[in-house]
Each structure stands twice: as C-alpha cells, then as structure tokens.
Ligand SMILES: *Cc1c(COP(=O)(O)O)cnc(C)c1O
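In the UniProt record's numbering, the protein residues as written are 1 to 465.
Quick look at the structure:
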C-alpha cells in the first residue's frame, strides 16, 4: 500500500475503542489507560506509515500493539526476576535477599506508624539510630554505631568527619574502584580529604606510611581490595601494624572492609574472611561495611567504632543527608537479631543459607527440576552437571562454591535466543551461557521458581510448534 492509502486506512479511535476485544479490557482497566494506550498504538502505526517503514497493517496489529501497551503500563518497571546465574550477591539483580523476619518487620513498620524517632518510655523525641546501635555494639564489640544509606556513603561520611581539610593516607595497592562509581580517590576528594598515596601497586611497607605522616595527617585509611587480588611479589601492611602506628602518632585508623561479615565462613568450608568483630578487637578506630553484601540485610552502610568518633559522625550535617529510611532500619534490625544465634542466622538469612548449603542439596533439587522439564519438553536437551557458583557483589572474588546446574540446549533455537527469551519471560529468568548451553544454577534458584521455569520453557517450545 502507498503511504497515503495506509494513513487513510488507520482506524478511528472510537471505532477501535468499541471493538469487542477492547471492550473486554475496558472492564478491567481504567478508561484513561485504555484511551491513552489506544491513541499510542494508532500513533505508532501512523508514524510508521509516514516514515514509509511499513507497507501494510491490520486491525489485529493495532490491537496487539494496544494490548502490549496496556500490559506494559500495568507491569512495574522494577520487579522480581529469577536469578539463575549462580552469583549469590548479584549487584545488578539487587544483591542480598531479605529474610522473612526482615520483610515482616518492614511490613509492620511501613504499613502503620512507628516509633522511628519517638521515645516510648517518656514520650520525648528519639533518634532513629538507637534502634540498631546497641545490637551492632553487642554483635561487633564496638563502642558505638551509625547506619547510613550504603557503604559508599559511610566511607564518605567517615572521611569527612575525621579528616576534612586534612590528609588521608592510603596504600597505592588499595585505591579501589567498586562497581564503576565508587572510587577511593574520588570519594576522598568529595569528602574534602587530600589523598596521600603511599607505597606501590604491589608493595607497601610500614615505613611508607611512616614517611607520609605529617602535621596535617588526618587519618590512615585501609581499604579491602574486595573485587580483585594482587598476586606475586606483594607486601601489604596489616591492620595490626597500622593500628599500632596510629596509636603511636595519635592518628585515627579507618578500615573500609567492604563486605563485612559477622561470622567466620571458614567454619562452613568457605574462604576465611576476617570478621567485623576482629577489626574492632584489634583497635581500629572506625570500621565501615555494607548491609547488603555478606551480612545479607538491606542496602546500608554500617559504621562501627570508638565512641568519640561515632558521636562526631552523628553530629555531622552530612549524616542527615545520608540517613536511612525506616524500612532499612526495620530490615536491618531483624537481620541483626538473627545473628544473635549463628545457627539461626545461617538458616534464616537467604545469603548465608545460599552460601553454606551443600551441593548435594542442589543435586537433589536439580534432579527434580530436570524431571519436570523433561516431562514437559520434547525439543530440549537437558542435563544436570556439577559447576561452580560465586559469591558476587565484589565479595570473595576467588571463592568458587561447588554446585549443580541445569544445562539446556535445543535444535530449535541458539543458546543466545533461549537466554533472551527467558530474560523476556513474564517473570524474567536470568541465565548465563557457556559454550552452546544455557546454564541455570540451582544455588540461586528458589524452589518456588521451578514451575515458572518449566512454564517458560513450554512457552518457548510452543512458539515453534
Ligand atoms: C562494596 C564496597 C563498597 C561500596 O559499598 P556499597 O554498600 O555498595 O555502597 C565500598 N568499599 C568496598 C571495599 C566495597 O567492597
């Protein structure tokens, strides 16, 4: 068809709105949504016709476009996905999952009013930080604690409070970048701290720190190289030596430990990672870590340490700008309470149970998923194999946790096509590709996800039948 003819054939709004299929949707959705979506879909085809990008269309095409728009407008942009990648703390997929206890607490505190900043004992004004401070002190052995929006904010705030207009000394081997936007040199300059680099990329000695100290030194900063490892001819100054130096020269020592764990993972067959408590015990002035990495709680930046610094931090104006919401505090308090009993923490906190569960469990679960898939599909090659999961989120970069994965291949589609179709499923399923296979790691898939996965594959197969 010619352009003008196509434009003439565009249906009128009122005609389309009275189509039977549209009328049915009008009962479910608001008039406004129906009207806007119909207008957008007719406009869509008008534009296409004007640009001569189409040579024909049918009423059904317009209806389908309309239907997609209505559906999209009713689907939240931010929504649940199934993480089949095997990366437990997948930063792009929201890092740590909250425990049931944490969720319950968020619900209670958010659906109704709360004593967020209200002292129930005497009816006076309270502080939002009080709800978790004592818990954090008990769990880490620190003299005080504050929580802010994330660990990046925590580092910024700590540097700004302890070291503004002074020099912060950091090893060249620890000038990290995390996730593209957190870079130590930039964070230091935003906090008003002059960065003084010492040592080299691979080797830093105590004398390098000593030589850098001067009248204007504000703090010694140690940063956990969370997401990389320097191997070979290396030397770093450990935290004990740094604390000793700080004490001698009366300079506070700050340690950004990134992930921050309260339990010793080596007990569970994983890599040893020093606990937050051990840093506090060694006398570090201030320790900062994330709430949603190994801790397994909500996004947050946790600051623990010596009372005099914590008080200064609480009084910094910046703290107000970085303050956490009641939902964060509710989820964090519940998560921390689980840690009062380590066994309970391992069971209740999804990050911890995912990290510590045995591969045999995932083998059994994998067999079940494989059976369901095989019973419903004819054109997919489905295997269960051993593989490795990773912790992710920049934590324990070298740790490989033995797991089981489902490997899928088909003559109907390439692995890239399958990956894309799963990603565009109603409940998106995020997988990875290895060689010609689509890989789904049982460790990060939940039991409740199994039927969704099976149904998604059935739909994919159905498209070709
Ligand atoms: C992850 C990490 C950060 C940033 O923490 P967020 O909670 O993501 O803001 C900072 N420092 C280190 C060492 C980290 O590993």
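All residues carry an ideal CB built from backbone N, CA and C; glycine is no exception.
Item: Could you tell me which residues DSSP puts in a beta bridge with residue 221?; Value: 254
Item: Please classify residue 153 as buried or exposed, where buried requires at least 16 neighbouring CB atoms within 10 angstroms.; Value: buried
Item: Assign residue 46 to one of three DSSP states: helix, strand, or coil.; Value: helix
Item: Determine, using beta-carbon pairs with one atom in the stretch 1–15 and one in the stretch 44–51, whether at least three such pairs fall under 8 Å.; Value: yes
Item: Taking 8 Å as the cut-off, decide whether the C-beta atoms of residue 359 and residue 383 are in contact.; Value: no
Item: With distances taken from CA atoms, which of 322, 285, 296 is nearest residue 306?; Value: 285
Item: Quick one, are the C-beta atoms of residue 381 and residue 412 less than 8 Å apart?; Value: no
Item: Please identify the residue among 454, 171, 403 whose C-alpha is closest to the C-alpha of residue 212.; Value: 171
Item: Is residue 259 close to ligand 1? I mean its beta-carbon at under 7 Å from any heavy atom of the ligand.; Value: yes
Item: Following a CB-centred definition, is residue 368 positioned closer than 7 Å to any heavy atom of ligand 1?; Value: no
Item: Return yes when at least one heavy atom of ligand 1 lies under 7 Å from the C-beta of residue 394, else no.; Value: yes
Item: Tell me which same chain residues have a C-beta within less than 6 Å of the C-beta of residue 119, skipping the five on either side of it?; Value: 126
Item: Taking the straight line between their C-alpha atoms, what separation do you get for residue 216 and residue 339?; Value: 40 Å
Item: Compute the Euclidean distance between the alpha carbons of residue 85 and residue 100, then round it to the nearest angstrom.; Value: 23 Å
Item: To the nearest angstrom, how far is the alpha carbon of residue 246 from that of residue 450?; Value: 54 Å
Item: Report the residue from 440, 293, 373 whose alpha carbon sits nearest the alpha carbon of residue 92.; Value: 293
Item: Taking C-beta to C-beta, are residue 166 and residue 193 nearer than 8 Å?; Value: yes
Item: Specify, as a first and last residue, the run of the beta strand (DSSP E) that residue 198 falls within.; Value: 194–198
Item: Given 7 Å as the limit, tell me if residue 176 has its C-beta closer than that to any heavy atom belonging to ligand 1.; Value: yes
Item: May I ask you to check if the CB of residue 182 is nearer than 7 Å to at least one heavy atom of ligand 1?; Value: yes
Item: CB-CB under 8 Å to residue 399, same chain, minus the five flanking residues each way: which ones, in chain order?; Value: 270, 271, 390, 391
Item: Could you check whether the Cβ of residue 325 sits closer than 7 Å to any heavy atom belonging to ligand 1?; Value: no
Item: Any chance the stretch 20–37 sits against the stretch 70–80, with 3 or more Cβ pairs inside 8 Å?; Value: yes
Item: Cβ of residue 321 within 7 Å of any heavy atom in ligand 1?; Value: no
Item: Go ahead and label residue 242 buried or exposed: buried means 16 or more other beta carbons lie within 10 angstroms of its beta carbon, across all protein chains shown.; Value: buried
Item: Apart from the five residues on each side of it in sequence, which residues of its chain come closer than 6 Å, Cβ to Cβ, to residue 402?; Value: 359
Item: How is residue 373 classed by DSSP in three states: helix, strand or coil?; Value: helix
Item: In whole angstroms, what separates the C-alpha of residue 218 from that of residue 309?; Value: 13 Å
Item: Could you say which of 393, 428, 437 lies nearest to residue 414 if we only look at CA atoms?; Value: 437
Item: Could you check how far apart the C-beta atoms of residue 239 and residue 201 are, in whole angstroms? I think they sit under 8 Å.; Value: About 20 Å separates the two Cβ atoms, so there is no contact after all.
Item: Exposed or buried, what is residue 16 when buried is set at 16 or more other beta-carbons lying within 10 Å of its beta-carbon?; Value: buried
Item: Identify which residue in 396, 333, 88 has its Cα closest to the Cα of residue 106.; Value: 333
Item: So residue 326 and residue 116 are in contact, right, with Cβ under 8 Å, and what is the actual spacing, rounded?; Value: 5 Å
Item: Quick one: Cα of residue 168 to Cα of residue 160, how far?; Value: 10 Å
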